[in-house]
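To start, the structure under review is shown below, and the notes come after it.
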Amino acid sequence: MKKVLRNILIGIFVILLFAVIAILYSYFFWRKNFYANESVLCTQDIAKQEFFIDDKIKQFVLSNEKTTSVELTDKEVLYLLNQNIQTAGGLQVQNICINTDKSLWKIYFNTRLDILNIPWIRLDVVKENRETSELYVSNVYVGDFLIPSNLVKNIITQINKGISDAIILANENSFLGRTIKNIELLQGRAVIKGDI
């Protein structure tokens, strides 16, 4: 009986070992292809560029039109993310990348915790096809592995609450002098529409 139990445990250990090796190989293969992907825009791609986002926001806020919009390119959004992401507890963002498509933006984060490099994490930011300012994160990935929603449900809820609270705060306190009525995620650009 002990011999059978020992063989079963050894078999389970070998299967787990091969599964871990396969996952690591798959992740490193994905990472190599990710760096070669030309449809992904990363912070190093915009490092030496100048952005005049303040001018666009001023025109949006000071416009005399009842309804107006401001358009931000994917590079400008990436720049804003890079400037405004805050971390805590020794966590440092090394790189941020985005891949844009209509109604779905994939945002990738490469972080480091002290000397430990954390694998790439991807958030799928979704905008439904209706006029609203609601954005939400639908999925979380490590590399190209979808993390089951029951494992990250709390994280997704907190991120979505943060996005919602930021939009509500901007609207209720009239930070922009306008109420944000619609946000569109398009390929290569985001459009924010506001009313006086």
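When you line the sequence shown up against the working numbering, it's residues 204 to 399, in that order.
Ideal Cβ placement from N, Cα and C applies to all residues, glycine included.
Remember, predicted model here, so these are calculated numbers, not experimental data.
- Remark: C-beta atoms of residue 341 and residue 386 do not approach each other more closely than 9 Å.
- When DSSP reads this structure, residue 393 sits in a beta bridge with 275 and 388.
- Contact annotation: residue 296 and residue 312 have beta-carbon atoms nearer than 9 Å.
- Restricting attention to beta strand (DSSP E) runs no shorter than 3 residues, the stretch 298–352 encloses them at 307–316, 324–329 and 339–345, ordered along the chain.
- Cα atoms of residue 231 and residue 365: separation of roughly 32 Å, rounded to the nearest angstrom.
- Residue 214: member of the alpha helix (DSSP H) spanning 205–239, first to last residue.
- Within a 10 Å sphere around the beta-carbon of residue 213 sit fewer than 16 other beta-carbons, which makes this residue exposed.
- Where residue 261 is concerned, the enclosing alpha helix (DSSP H) starts and stops at 256–265.
- One thing to note: residue 349 has its Cβ no nearer than 9 Å to the Cβ of residue 315.
- The DSSP-derived three-state label of residue 249 is coil.
- With respect to residue 264, residue 380 sits close: the two C-beta atoms are nearer than 9 Å.
- Distances from the CA of residue 285 to each of 301, 352, 271 and 270 were compared; the closest alpha carbon is that of 301.
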